[in-house]
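Peer 1: Mind looking over this structure? Questions follow.
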Amino acid sequence: MKHALNYAFDEAITSLWRGRRSGFLSTATIGVALFVLGGFLLATSNLQRLGDQWSRSAEMSVYLNDDATAGQKLAIEGLLKAGPVIAGAEFVSKAQALERFKQTFADLASTVGTLDSNPLPASYEVRLQPQAGTSTGVDELAQQLRGVAGVADVRYDRQWLDRLTSTIGIVRIVGLALAGVLIVAAALTVATVVRLALHARRDEIEIMQLVGAPQAYVRGPFVVEGILQGGIGAIVALVLLSVTYLLMRGPYLMPLAEAVNFSSVSFLSAGWCFLLLVGGMVVGCLGGFVASGRT
Amino acid sequence: MIETSHLSKVYREGVYAIRDLSINIEKGEFLFITGPSGSGKSTLLKLLLREELPSDGQLKVFGRNLSDLTSRQVQEYRRSLGFIFQDFRLIPRFTVFQNVAFVMRVLGVPPAVQQRKTFQMLKWVGLQHRMNANPQELSGGEQQRIAIARALVNDPQLVLADEPTGNLDPDLSLEIMNMFREMNSRGTTVVVATHDRELIRRVGRRAITLEHGHFSEGA
Chain A
1 MKHALNYAFD
11 EAITSLWRGR
21 RSGFLSTATI
31 GVALFVLGGF
41 LLATSNLQRL
51 GDQWSRSAEM
61 SVYLNDDATA
71 GQKLAIEGLL
81 KAGPVIAGAE
91 FVSKAQALER
101 FKQTFADLAS
111 TVGTLDSNPL
121 PASYEVRLQP
131 QAGTSTGVDE
141 LAQQLRGVAG
151 VADVRYDRQW
161 LDRLTSTIGI
171 VRIVGLALAG
181 VLIVAAALTV
191 ATVVRLALHA
201 RRDEIEIMQL
211 VGAPQAYVRG
221 PFVVEGILQG
231 GIGAIVALVL
241 LSVTYLLMRG
251 PYLMPLAEAV
261 NFSSVSFLSA
271 GWCFLLLVGG
281 MVVGCLGGFV
291 ASGRT
Chain B
296 MIETSHLSKV
306 YREGVYAIRD
316 LSINIEKGEF
326 LFITGPSGSG
336 KSTLLKLLLR
346 EELPSDGQLK
356 VFGRNLSDLT
366 SRQVQEYRRS
376 LGFIFQDFRL
386 IPRFTVFQNV
396 AFVMRVLGVP
406 PAVQQRKTFQ
416 MLKWVGLQHR
426 MNANPQELSG
436 GEQQRIAIAR
446 ALVNDPQLVL
456 ADEPTGNLDP
466 DLSLEIMNMF
476 REMNSRGTTV
486 VVATHDRELI
496 RRVGRRAITL
506 EHGHFSEGA
């Protein structure tokens, strides 16, 4: 087994060097395919983190009628106790709401002063549990609160969160589909290049078969050649991806992250990088395996 | 050692390459197969190499019916054979030494053993001084000697040669035949396909003639 592996690696490296021009083609195809896949993974992983961050800071506002009684408030507070959906709730009186308005919209503060009465309602500001951001539990709670006497309105604008989630899903599907097509193309290119190498060495293969060489010796070098092409392609893709990321991070990505209140964009995790590398090698291996199938 | 019983090979409907061949080749024998081009000599060697399967009849080598072998058993069977072709079939990118060692390399023989046996074989065919040369730098006779070294390096019990002197002049042909005689004298069974009846006469061993698929004893 050790001899077979040594032989396969020796021959695969020699063959890669001899056919480096065509090998470059298949390596580049794998590189492009994994670069696209890696790019989409990078985008979706950051969007996913953004979504999680937004979910964690999601709030619900329960506005009260001006004539809500103490009993009605108690009933509402009963529903807003901390639990699987609610992390906590804070009462904001009409006066506190007006004060906040004046602080937030300083230009309009004098205009509000001319009004006869305070138009802003008292409310409960409800902090939701992080994982409750897009759960149906929040919908049910909002529905329940709307039916309670003394509640004027319940605002839980989760559409943007849903949109973000569905956008991540679409980006992921498009990325996977595109990468899937490119990966099939890459596997076919590897198979073609390995087939060329096989054709160039048909005399050797014939001799190997006539002397009864085990299949590991006959096919092994071609499978290893595919694995090496895939691995090199994956490394090229990861290097290009990290260079592109570093070049875009400062001038584009960070300002964009700040604009949407996102803590920080980050590169693919070590786990994803490893998976991309292994993925490239598996694609190359399949190409080499299929190409050497009829030896 | 080799036993054929009503062996036939048909390539196209009604066109026999070999028809109803029943012969025995004993262990340690030296046999020529002769006949004009297209008479079935190469077909018989392909059947013996188990590159082709008989259309009818039986072909037994070392007591095993070659039609019954699995692909793994075919590999094992071929490891007990040596083969030599008219066009030498040396690998151009390898040196002489690498060409001879190649067989052992792909059979997983340890490098030290590869080196020792390859050198011994090159010495036997008298080309140890050319071991770092490329096949293209050698004459036809030298290339065939390298092919013989490659065929014998794995100590085969049976050597099959298809027109091994087809590209060589009469003197070189006799030189190659002397090598076959020497390997045969060490106990290796040798089967040589050739259309050169003069060569058969000079070597003076058993011969069978194939013609239109049929065979007869003698050249």
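Keeping their order, the protein sequence lines are chains A and B.
Just so you know, we're using our numbering here: the first sequence kicks off at 1 and counts up by one.
Just so you know, we're using our numbering here: the second sequence kicks off at 296 and counts up by one.
The beta-carbon is built from N, C-alpha and C at its ideal position, and this holds for glycine as well.
1. Can the beta-carbon of residue 230/A be found less than 8 Å from the beta-carbon of residue 285/A?
2. List the residues of chain B whose Cβ lies closer than 7 Å to the Cβ of residue 3/A, in chain order.
3. Specify the secondary structure class of residue 63/A as computed by DSSP and reduced to three states.
4. Does residue 170/A pass the burial test, meaning 16 or more other C-beta atoms within 10 Å, or should it be called exposed?
5. Pull up the CB-CB distance for residue 193/A and residue 25/A, whole angstroms please, since I reckon it's below 8 Å.
6. By the three-class DSSP mapping on this structure, what secondary structure does residue 351/B have?
7. Of all the CB atoms in chain A, is at least one closer than 8 Å to the CB of residue 392/B?
8. Reducing DSSP to helix, strand and coil, say where residue 3/A ends up.
9. Name, in chain order, the residues that DSSP records as bridge partners for residue 320/B.
10. Using a cut-off of 7 Å between C-beta atoms, extract the partners of residue 203/A located in chain B.
11. So, is the C-beta of residue 8/A closer than 8 Å to a C-beta in chain B?
12. Give me the Cβ distance between residue 185/A and residue 290/A, rounded to the nearest whole Å; I'm assuming they're in contact under 8 Å.
13. Residue 386/B by DSSP, collapsed to three states: which one?
14. Cβ of residue 54/A within 8 Å of Cβ of residue 164/A?
15. For the stretch 209-226 of chain A and the stretch 372-386 of chain B, state whether three or more C-beta atom pairs, one from each stretch, are separated by less than 8 Å.
16. If I'm right that residue 409/B touches residue 396/B with Cβ under 8 Å, what's the distance once you round it to whole angstroms?
17. Thinking just about the alpha-carbon of each residue, which of 121/A, 44/A and 140/A is nearest to the one in residue 152/A?
18. To be precise: take each residue of the stretch 200-228 of chain A, compare its Cβ to all Cβ atoms of chain B, and keep it if any distance is under 7 Å. Which residues remain?
19. Once the 5 residues before and after residue 263/A are set aside, which same chain residues still bring their CB inside 7 Å of it?
20. What are the complete alpha helix (DSSP H) segments, minimum 4 residues, inside the stretch 41-113 of chain A?
21. Quick one: Cα of residue 11/A to Cα of residue 195/A, how far?
22. Let me know if residue 221/A comes out buried or exposed under the rule of 16 or more other beta-carbons within 10 Å of its beta-carbon.
23. Report back the beta-carbon spacing between residue 142/A and residue 124/A to the nearest angstrom; my notes put them in contact at under 8 Å.
24. Listing by chain order, which chain A residues have their CB less than 8 Å from the CB of residue 372/B?
25. Measuring alpha carbon to alpha carbon, tell me which of 483/B, 499/B, 401/B and 488/B ends up nearest residue 447/B.
26. May I ask you to verify whether the stretch 325-334 of chain B touches the stretch 387-403 of chain B, counting CB pairs closer than 8 Å and requiring at least 3?
27. Where in the stretch 160-220 of chain A do unbroken runs of the alpha helix (DSSP H), each at least 4 residues long, occur, reported from the N-terminal end onward?
28. Determine the direct distance from the alpha carbon of residue 348/B to that of residue 381/B, and round the result to whole angstroms.
29. Who pairs with residue 379/B in a beta bridge, going by DSSP?
30. With 8 Å as the threshold, decide whether the Cβ of residue 398/B is near any Cβ in chain A.
31. Is it buried or exposed for residue 399/B, if we count other Cβ within 10 angstroms and need 16 for buried?
32. Could you check the C-alpha separation between residue 458/B and residue 488/B for me, to the nearest Å?
33. Could you give the uninterrupted runs of the beta strand (DSSP E) lying entirely in the stretch 468-513 of chain B, keeping only those of 3 residues or more?
34. Between the Cα of residue 177/A and the Cα atoms of 36/A, 7/A, 31/A and 275/A, which residue gives the shortest distance?
35. Excluding the 5 residues flanking residue 467/B on each side, which residues of the same chain have their C-beta closer than 6 Å to its C-beta?
36. Work out the CA separation of residue 276/A and residue 438/B for me, nearest whole Å.
Peer 2: The relevant details are as follows:
1. Here residue 230/A corresponds to residue number 230 of the first sequence, with the count starting at 1. Here residue 285/A corresponds to residue number 285 of the first sequence, with the count starting at 1. Yes; because the gap between Cβ atoms is below 8 Å, this pair is in contact.
2. Within the first sequence, numbered from 1, the residue matching residue 3/A stands at position 3. By Cβ distance, chain B contributes 403.
3. As a working note, residue 63/A is residue 63 in the first sequence. Reduced to three states, the DSSP call for residue 63/A is strand.
4. By one-based count along the first sequence, residue 170/A stands at place 170. Burial call: exposed.
5. As a position in the first sequence, residue 193/A is number 193, starting the count at 1. As a position in the first sequence, residue 25/A is number 25, starting the count at 1. About 7 Å; that satisfies the 8 Å criterion.
6. As a working mapping, residue 351/B is identified with position 56 in the second sequence. Note: residue 351/B maps to strand in three-state DSSP.
7. By one-based count along the second sequence, residue 392/B stands at place 97. It does not: the Cβ of residue 392/B has no partner Cβ on chain A nearer than 8 Å.
8. The count along the first sequence starts at 1 and reaches residue 3/A at position 3. In this structure, residue 3/A counts as helix in the three-state DSSP scheme.
9. Counting from one through the second sequence, the residue named residue 320/B turns up at place 25. BP columns for residue 320/B point to 297/B.
10. Locating residue 203/A in the first sequence gives position 203, counting from the first residue. By Cβ distance, chain B contributes 384 and 386.
11. Numbered from 1 along the first sequence, position 8 holds the residue referred to as residue 8/A. Residue 8/A does not count as touching chain B.
12. Indexing the first sequence from 1 puts residue 185/A at position 185. Indexing the first sequence from 1 puts residue 290/A at position 290. Actually they do not touch by this definition, with Cβ atoms about 14 Å apart.
13. Mapped onto the second sequence, residue 386/B falls at position 91. Of the three classes helix, strand and coil, the one that applies to residue 386/B here is coil, per DSSP.
14. Walking along the first sequence from the start, residue 54/A turns up at place 54. Walking along the first sequence from the start, residue 164/A turns up at place 164. Their beta carbons are under 8 Å apart, which means residue 54/A touches residue 164/A by this criterion.
15. yes
16. Translated into the one-based positions of the second sequence, residue 409/B becomes position 114. Translated into the one-based positions of the second sequence, residue 396/B becomes position 101. About 5 Å; that satisfies the 8 Å criterion.
17. Start at 1 with the first residue of the first sequence, and residue 152/A comes out as number 152. Checked all of 121/A, 44/A and 140/A; the closest Cα to residue 152/A is 121/A.
18. 203, 204, 207, 208, 210, 211, 212, 213, 214 and 217
19. Indexing the first sequence from 1 puts residue 263/A at position 263. Same-chain partners within the cutoff: 53.
20. 70-79, 94-104 and 109-113
21. Residue numbering aside, residue 11/A sits at position 11 when the first sequence is read from its first letter. Residue numbering aside, residue 195/A sits at position 195 when the first sequence is read from its first letter. Those two C-alpha atoms are separated by around 15 Å.
22. Taking the first sequence and counting its residues from 1, one reaches residue 221/A at position 221. Its Cβ being crowded by 16 or more others within 10 Å, residue 221/A is buried.
23. By one-based count along the first sequence, residue 142/A stands at place 142. By one-based count along the first sequence, residue 124/A stands at place 124. Not confirmed; about 12 Å, so no contact.
24. Locating residue 372/B in the second sequence gives position 77, counting from the first residue. Under the 8 Å cutoff, chain A gives 212.
25. Residue 447/B sits at position 152 when you count from the first residue of the second sequence. The candidate whose alpha carbon is nearest that of residue 447/B is 483/B.
26. no
27. 202-210
28. Your numbering for residue 381/B matches position 86 in the second sequence. Your numbering for residue 348/B matches position 53 in the second sequence. Each residue's Cα considered, the two are about 22 Å apart.
29. Residue 379/B sits at position 84 when you count from the first residue of the second sequence. Residue 379/B pairs with 456/B.
30. Walking along the second sequence from the start, residue 398/B turns up at place 103. Chain A contact via Cβ: present.
31. Position 104 of the second sequence, counted from the start, is the residue given in the question as residue 399/B. Per the 10 Å Cβ criterion, buried.
32. Mapped onto the second sequence, residue 458/B falls at position 163. Mapped onto the second sequence, residue 488/B falls at position 193. The alpha-carbon atoms of residue 458/B and residue 488/B are separated by roughly 5 Å.
33. 484-488, 501-506 and 509-512
34. Within the first sequence, the letter at position 177 stands for residue 177/A. The shortest C-alpha separation from residue 177/A is found at 36/A.
35. The count along the second sequence starts at 1 and reaches residue 467/B at position 172. 436, listed in sequence order.
36. As a position in the second sequence, residue 438/B is number 143, starting the count at 1. As a position in the first sequence, residue 276/A is number 276, starting the count at 1. Going by the C-alpha atoms only, they are around 49 Å apart.
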